[in-house]
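Here's the structure we're looking at; comments come further down.
In our numbering, the protein residues as written are 388 to 458.
Here you go:
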């Protein structure tokens, strides 16, 4: 089954968030997002801007490229 890039990206964000020990709500707060938006990101429902991707990487303390590994 083929998953869209947005869904694969969202799964990667979820994986990295959990590895960093953040709940979805705590991570959303760290990014300055509401939890519902973070949920949309992680389920592939949000079409992220470059700025949003950069915000996620900064909140995880990883380079942007790490968010795209193994997609």
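Glycine residues also receive a C-beta, built at the ideal position from the N, C-alpha and C atoms.
Residue i vs residue j beta-carbon contact at 8 Å
i: residue 454; j: residue 399; result: yes
i: residue 395; j: residue 435; result: no
CA nearest to the CA of residue i, picked from the options
i: residue 412; options: 445, 423, 389; result: 423
i: residue 409; options: 394, 419, 447; result: 447
i: residue 401; options: 392, 414, 389; result: 414
i: residue 443; options: 432, 430, 388, 420; result: 420
i: residue 440; options: 457, 430, 397, 416; result: 397
i: residue 392; options: 432, 417, 425; result: 432
N-terminal and C-terminal residue of the alpha helix (DSSP H) that residue i is part of
i: residue 446; result: 437–447
i: residue 402; result: 392–406
i: residue 412; result: 411–418
i: residue 451; result: 451–454
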